[in-house]
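>
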Amino acid sequence: MTVIGITACRQLEDYRQSILHVGGEPHTLDASMTIEQALTGIEGLMLTGGGDVAPSLYGETPHATVEAAEPGRDAFEIALVKEARMRKLPIFAICRGVQVLNVACGGTLVQDIPSQLKGAGPHSFTAPPNDSYSFAHEVWVDKDSLLSTLMKERLVDESVDVNSRHHQAVKDVAPGFVVSATAPDGVIEAIEDPSARFCLGVQWHPENFFRTGEFRALFEGFLGASQKI
Ligand code: MN
780 MTVIGITACR QLEDYRQSIL HVGGEPHTLD ASMTIEQALT GIEGLMLTGG
830 GDVAPSLYGE TPHATVEAAE PGRDAFEIAL VKEARMRKLP IFAICRGVQV
880 LNVACGGTLV QDIPSQLKGA GPHSFTAPPN DSYSFAHEVW VDKDSLLSTL
930 MKERLVDESV DVNSRHHQAV KDVAPGFVVS ATAPDGVIEA IEDPSARFCL
980 GVQWHPENFF RTGEFRALFE GFLGASQKI
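Just so we're aligned: the sequence shown equals residues 780 to 1008 in the working numbering.
The structure is reproduced here in structure tokens:
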């Protein structure tokens, strides 16, 4: 079985289920581990959702709305990304994960979409819980991207509906990465490194759909890339 390291978070079960549903073996990685311990035996790295990355890590002072992640997560996850990229491990990053990935690789974030991006639509759907599983807005996918290749069965005119639970987003894309999806209001919804076998981050929560499989192709593609050749 292909072993996928998943960073610990409060809503871990849907990420675990998404990997189990495509035949992978999830291992939880938490910030008490050393990077060497965390990556031993891991064939792919999944970065999960959670609080905000400390703005000091990309050279800004915090906006009033910034809510920090659990202590230690920023440093642990950024070090994980750097080492995983050195080892050329496939990386699939979700929500906070795409923000961690972008900052780890030298990019920056919009700290608060509602107050900092004029004209942006709503992206923060939080309650009641069932709303997290319903579609919030569409994203427009770059047709030359890995994301487009993976999602081709579901794309209609290069667009697909997604859920949305975030108040931050990628601002300056990290060097070497490209934007592979945007919301109609211009908010960046996915980035990827075209030079990597599989290094993709999405701003929405595909893991919430493991029961119905709308984004199964993303997890299948990630697992396939993580399997030893
Ligand atoms: Mn969104």
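By construction, the Cβ of each residue, glycine as well, lies at the ideal position given by its N, Cα and C atoms.
1) Return the CA-CA distance between E792 and M930, expressed in angstroms with no decimal places.
2) Could you check where the beta strand (DSSP E) with E804 kicks off and where it finishes?
3) Helix, strand or coil for G885, going by three-state DSSP, please let me know.
4) Considering only the beta carbon of each residue, do P1090 and A1004 sit closer than 7 Å?
5) Taking the DSSP output, what are the residues bridged to D831?
6) Is S943 near the ligand MN, in the sense that its beta carbon is under 6 Å from a heavy atom of that ligand?
7) Specify the secondary structure class of A753 as computed by DSSP and reduced to three states.
8) Spatial neighbours of L808 within its chain, please: C-beta separation below 6 Å, excluding the five flanking residues on both sides.
9) So, helix, strand or coil for M825, using DSSP?
10) Output the distance between the C-alpha atoms of E971 and T781, rounded to the nearest integer angstrom.
11) DSSP three-state call for T961: helix, strand or coil?
12) With respect to 6 Å, is the separation between the Cβ of H727 and the closest non-hydrogen atom of the ligand MN below this value?
13) Just tell me which of G885, R875 and I873 has its CA closest to the CA of K745.
14) For the pair the segment 933-941 and the segment 884-898, tell me if three or more CB-CB distances fall below 8 Å.
15) Just to check my reading of the structure: E846 and G830 have Cβ atoms closer than 8 Å, yes? What is that Cβ distance to the nearest angstrom?
16) Where E804 and E999 are concerned, what is the direct C-alpha to C-alpha distance, given to the nearest angstrom?
On the basis of the supplied data:
1) By one-based count along the sequence shown, residue 792 stands at place 13. By one-based count along the sequence shown, residue 930 stands at place 151. The straight-line gap separating the alpha-carbon atoms of E792 and M930 is approximately 23 Å.
2) Reading the sequence shown from its first residue, position 25 is the one you call residue 804. Membership of E804 in the beta strand (DSSP E) is indicated by the continuous run E804 to L808.
3) Position 106 of the sequence shown, counted from the first residue, corresponds to residue 885. In the structure shown, G885 sits in coil (DSSP, three-state: anything other than H, G, I, E or B).
4) Outside the displayed range of the chain (780 to 1008) lies residue 1090, so it cannot be described from this structure.
5) Indexing the sequence shown from 1 puts residue 831 at position 52. Paired residue(s): A847.
6) Residue mapping note: residue 943 aligns to position 164 of the sequence shown, counting from 1. S943 Cβ: within cutoff of the ligand MN.
7) In this structure the chain extends from 780 to 1008, so residue 753 is not present and cannot be described.
8) Here residue 808 refers to the residue found at position 29 when the sequence shown is read from its first residue. Within the same chain, L808 has close Cβ partners G784, T786 and A817.
9) Taking the first residue of the sequence shown as position 1, residue 825 is located at position 46. Of the three classes helix, strand and coil, the one that applies to M825 here is strand, per DSSP.
10) Working through the sequence shown from its first residue, we reach residue 971 at position 192. Working through the sequence shown from its first residue, we reach residue 781 at position 2. When only Cα atoms are considered, E971 and T781 end up about 22 Å apart.
11) The count along the sequence shown starts at 1 and reaches residue 961 at position 182. Residue state, collapsed to three classes: strand.
12) One cannot answer for residue 727 here, as it falls past the ends of the chain, which runs 780 to 1008.
13) Limits of the chain in this structure are 780 at one end and 1008 at the other, which puts residue 745 out of reach.
14) no
15) Residue 846 sits at position 67 when you count from the first residue of the sequence shown. Residue 830 sits at position 51 when you count from the first residue of the sequence shown. Rounded, the Cβ-Cβ distance is 5 Å, consistent with contact.
16) Residue 804 sits at position 25 when you count from the first residue of the sequence shown. Residue 999 sits at position 220 when you count from the first residue of the sequence shown. When rounded, the distance between both Cα atoms is 13 Å.
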